[in-house]
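Worksheet for the structure shown next.
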Amino acid sequence: MKAVMGCLILCIWLVGIPLLTGAIPAFFTKRHRNPAFMWVSGYMISWALFQLETVPLVLTHISRSFAALVKIFGISSLAVAAAGAFLLIRSRKSASRLSLVRGDTKESRTNRIYWGIFFALAALQLVLAVAMNYQDGDDAYYVAVSTLTESSNTMYEKMPYSMGVTGLDLRHGLAPFPVWIAFLARISGLPTVSVAHVAVPLALIPTTYLIFYQIGGQLFVKKKEKLPLFLSFTALLTIFGNYSIYTAENFMLARSRQGKAALGSIVIPMAFLLYMLILEQTQLQDESASQGSPGKGKYKRTSWMLWLLLWVTVLAACLCTTMGTMLICLLLGTAGLCSAFVYRKPGLAVKTALCCTPALVYAVLYFLV
4 MKAVMGCLIL
14 CIWLVGIPLL
24 TGAIPAFFTK
34 RHRNPAFMWV
44 SGYMISWALF
54 QLETVPLVLT
64 HISRSFAALV
74 KIFGISSLAV
84 AAAGAFLLIR
94 SRKSASRLSL
104 VRGDTKESRT
114 NRIYWGIFFA
124 LAALQLVLAV
134 AMNYQDGDDA
144 YYVAVSTLTE
154 SSNTMYEKMP
164 YSMGVTGLDL
174 RHGLAPFPVW
184 IAFLARISGL
194 PTVSVAHVAV
204 PLALIPTTYL
214 IFYQIGGQLF
224 VKKKEKLPLF
234 LSFTALLTIF
244 GNYSIYTAEN
254 FMLARSRQGK
264 AALGSIVIPM
274 AFLLYMLILE
284 QTQLQDESAS
294 QGSPGKGKYK
304 RTSWMLWLLL
314 WVTVLAACLC
324 TTMGTMLICL
334 LLGTAGLCSA
344 FVYRKPGLAV
354 KTALCCTPAL
364 VYAVLYFLV
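Here it is as structure tokens:
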């Protein structure tokens, strides 16, 4: 009975809370019909919130810091989810039906077969990610940190290899992704190892494909029938991408419980998606302005939330790994300069630079502390 209740609680925190949290940006970007956008946006907001609340507790070195974090993050997450639920109910009249696929819902038999192939490949990956025993040396640290955090109510104050007391491990403490897994284990009452090896892959692997689903929707906006082929090809590349322990595919399927996997499989693709949406809004604004249409203001009212969500995504990258602070800045810096040159809008580069401020702050904090 305890295991069943723990699984239900995990479903709430890994599915329900992200969906309701993501309803906030979905409401302001007029994407409240799209649960995929709500799901992935909710994870970005949740991880960013966790980063903001965890690092100060790690740095202040207070007693029973993890127990305090569980209360703080639990209450704040429920409050944000409640706000998202309110906005979702408010938009119910204009979004009477949630829909993953926009446009004509009548699909050909061939297209349904392609969708079936993709779902079969995705289900196979989920089964193998949970059922197969994969030896990974990093588990000796990351999963051990999660277990030790949950059992000792401290964060990065004991050595995961020997459980001996040590100085504060700030190298990893500024990117406390294992603490998020420990939080899931504490609220569910399930063993930390089970949460890391079973629950987290079942939640994060679908999150990755929901992001690629939306990226495919942007790439094939006029050819929706190509979308299942794009996703099936992506799934095949993932399955056969385990030719090295350092590939993104290996991290996604075999090491999804680690922050580096979340960075490469979720956060960076999410940054790509958001920048594609931002550039789409920029192009629509330019077209409206050239045609003298009043729609320019409408696009401005929705684009600010995309910029804010990109800022939140950068903060989520800081949670995953300290390396994320550098990689996300390099990615967005290149994108900002290129887009500013192509669209002849220096403001794109300035706004992109402002979105990188969380990563810069944590990078400076890493060197100072």
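Just so you know, the sequence shown maps onto residues 4 to 372 in the numbering used here. Even for Gly, the Cβ is constructed at its ideal location relative to N, Cα and C.
Straight-line CA distance for Ala6 to Ala188? 12 Å
Of the listed residues Thr57, Ser155, Leu22, nearest to Phe76 (C-alpha basis): The shortest C-alpha to C-alpha distance from Phe76 to any of Thr57, Ser155, Leu22 is the one to Thr57.
By Cβ distance below 6 Å, which residues in the same chain neighbour Ala202 in space, the five residues on each side in sequence not counted? So the qualifying residues of the chain are Leu13.
Specify whether the stretch 215-233 and the stretch 48-57 touch according to this definition: at least 3 beta carbon pairs, one from each stretch, less than 8 Å apart. no
Along the chain, which unbroken stretches of the alpha helix (DSSP H) at least 4 residues long are found entirely within the stretch 44-89? none
Let me know the secondary structure DSSP gives Lys161 once reduced to three states. If DSSP states are grouped into helix, strand and coil, Lys161 belongs with the strands.
Looking only at its chain, what residues have a beta carbon closer than 6 Å to the beta carbon of Ala26, apart from the 5 residues adjacent to it on each side? Met41, Gly87, Leu90, Leu91
Can you give the Cα-Cα distance for Ala199 and Ile184, rounded to whole angstroms? 6 Å
On the criterion of 16 or more Cβ atoms from any shown chain inside 10 Å, does Trp307 qualify as buried, or is it exposed? exposed
Residues in the same chain with beta-carbon distance under 6 Å from Thr152, minus the five sequence neighbours each way, listed in chain order, please. Phe69, Met158, Val182, Ala185
Put Val212 into one of helix, strand or coil per three-state DSSP. According to the sequence displayed, residue 212 carries Tyr and not Val. Three-state result, Tyr212: helix.
Less than 8 Å between C-beta atoms, sequence neighbours within five positions excluded: which residues of the same chain meet that for Ala238? Phe121, Leu124, Ala125, Gln128, Tyr212
Would you identify the three-state DSSP class for Gly327, choosing helix, strand or coil? helix
Spell out a yes or no on whether the stretch 60-69 and the stretch 241-248 are touching, meaning 3 or more CB-CB pairs, one atom from each, closer than 8 Å. no
What first and last residue would you give for the alpha helix (DSSP H) that runs through Phe3? This structure cannot speak to residue 3, because the chain is shown only from 4 to 372.
Could you give the distance in angstroms between the alpha-carbon of Ser111 and the alpha-carbon of Leu357? Each residue's alpha carbon lies about 45 Å from the other.
Near Ser191, what residues of its chain come up, given a Cβ to Cβ distance below 6 Å and the 5 sequence neighbours on each side ignored? Gly9, Ile12, Leu13
Mind checking which residues open and close the alpha helix (DSSP H) that includes Phe121? 112-134
Are Leu81 and Ala206 close, meaning C-beta to C-beta below 7 Å? Contact: no.
Using the beta-carbon count (16 or more within 10 Å), is Ser293 buried or exposed? In summary, Ser293 is exposed, with fewer than 16 beta-carbon neighbours lying within 10 Å of its beta-carbon over all protein chains present.
CA nearest to the CA of Ala39, picked from Phe215, Gly176, Tyr249, Glu160: Phe215
With respect to the alpha helix (DSSP H) encompassing Tyr144, which residues constitute its N-terminal and C-terminal limits? Unbroken run through Tyr144: none, as it is neither H nor E.
Are Ala132 and Leu22 touching if we call contact CB-CB under 7 Å? No, they are not a contact pair.
Exposed or buried, what is Arg258 when buried is set at 16 or more other beta-carbons lying within 10 Å of its beta-carbon? buried
Determine whether the beta carbon atoms of Thr195 and Ser149 lie at a separation below 7 Å. yes
Under a Cβ-count criterion, where at least 16 other Cβ atoms within 10 Å of its own Cβ denotes burial, should Ile218 be classed as buried or exposed? buried
Could you tell me which whole alpha helix (DSSP H) segments of length 4 or greater appear in the stretch 167-249? Restricting attention to alpha helix (DSSP H) runs no shorter than 4 residues, the stretch 167-249 encloses them at 173-176, 180-191, 203-222, 230-242, ordered along the chain.
When you compare the CB positions of Thr24 and Ala84, do they come within less than 7 Å of one another, or not? Closer than 7 Å, so yes.
Please name the residue, chosen from Pro179, Thr328, Val353, Val61, that lies closest to Ala338 on a Cα-to-Cα basis. Val353
Taking the alpha-carbon positions, what's the Val345 to Met279 distance? 14 Å
For Tyr145, which residues from the same chain have a beta carbon less than 6 Å from its beta carbon, with the 5 sequence-adjacent residues on both sides left out? Pro181, Gln261
Please confirm if the stretch 362-370 is in contact with the stretch 317-334, defined as three or more CB-CB distances below 8 Å between the two stretches. yes
Could you name the residues of the same chain whose beta carbon sits closer than 6 Å to that of Leu62, not counting the 5 residues immediately before and after it, in chain order? none
Look at Leu266 and Cys321 and say whether their C-beta atoms are less than 7 Å apart. no
Please identify the residue among Pro59, Ser291, Ile116, Arg174 whose C-alpha is closest to the C-alpha of Tyr369. Looking at the Cα atoms, Arg174 is the closest of the given residues.
To which residues of the same chain is Leu309 closer than 7 Å at the C-beta, ignoring the five residues directly before and after it? Thr32, Leu277, Leu280, Ile281, Gln284
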